[in-house]
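Visitor: If you want the working numbering, it's the position in the sequence shown, counting the first as 1, plus 19.
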Amino acid sequence: MSKIKEFVMENFRMIVMIVSFIVTMYVQHVNNTMQLAELKERCVKLEIRIQDQYDRIDAIKLDKAVFEANMAQFTSIQADLREMRADIKELLHNH
Numbered sequence: 020m021s022k023i024k025e026f027v028m029e030n031f032r033m034i035v036m037i038v039s040f041i042v043t044m045y046v047q048h049v050n051n052t053m054q055l056a057e058l059k060e061r062c063v064k065l066e067i068r069i070q071d072q073y074d075r076i077d078a079i080k081l082d083k084a085v086f087e088a089n090m091a092q093f094t095s096i097q098a099d100l101r102e103m104r105a106d107i108k109e110l111l112h113n114h
């Protein structure tokens, strides 16, 4: 027991330095672990937001496609109406 006490007394500064180094490393480890958990949570939130933006872009593309299809139909209807109007005018001129 006295040898241990003597060893501790002779190497007190070194023991304190080693213990404080170990405690500092542990605190940094815990802190880094918490930061990693926060970063993972942020990444999940960002991935959700990115997916939401992609969904919105897809909806805009769908709206654009529907608009273009409607415009094509309107153009076709407009051409049909012009043809019908021309036919009616021709029928009225012939009678």
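Glycine included, every Cβ here is placed at the ideal spot set by N, Cα and C.
Using C-beta distances below 7 Å, list every residue in its chain close to lysine 108, excluding the 5 sequence neighbours before and after it, in chain order.
Guide: Numbered from its first residue, the sequence shown carries residue 108 at position 89. If we look at lysine 108 and ignore the five residues flanking it on each side, it has no Cβ neighbours.
Visitor: Does the separation of the CB atoms of valine 27 and isoleucine 37 fall below 9 Å?
Guide: To locate residue 27, count along the sequence shown from 1; it is residue 8. To locate residue 37, count along the sequence shown from 1; it is residue 18. Cβ distance not < 9 Å, so valine 27 and isoleucine 37 don't count as in contact.
Visitor: Pick helix, strand or coil for histidine 103, following the three-state DSSP scheme.
Guide: Taking the first residue of the sequence shown as position 1, residue 103 is located at position 84. In the sequence as displayed, the identity of residue 103 is methionine instead of histidine. Three-state DSSP puts methionine 103 in a helix.
Visitor: Can you tell me whether methionine 20 is helix, strand or coil according to DSSP?
Guide: Within the sequence shown, residue 20 is the residue found at index 1, counting from 1. Methionine 20: coil per DSSP, three-state reduction.
Visitor: Just how far apart, CA to CA, sit histidine 48 and serine 39?
Guide: Here residue 48 corresponds to residue number 29 of the sequence shown, with the count starting at 1. Here residue 39 corresponds to residue number 20 of the sequence shown, with the count starting at 1. Cα to Cα, histidine 48 sits roughly 14 Å from serine 39.
Visitor: Give the secondary structure of asparagine 30 by DSSP, where H, G and I count as helix, E and B as strand, and everything else as coil.
Guide: Taking the sequence shown and counting its residues from 1, one reaches residue 30 at position 11. Reduced to three states, the DSSP call for asparagine 30 is coil.
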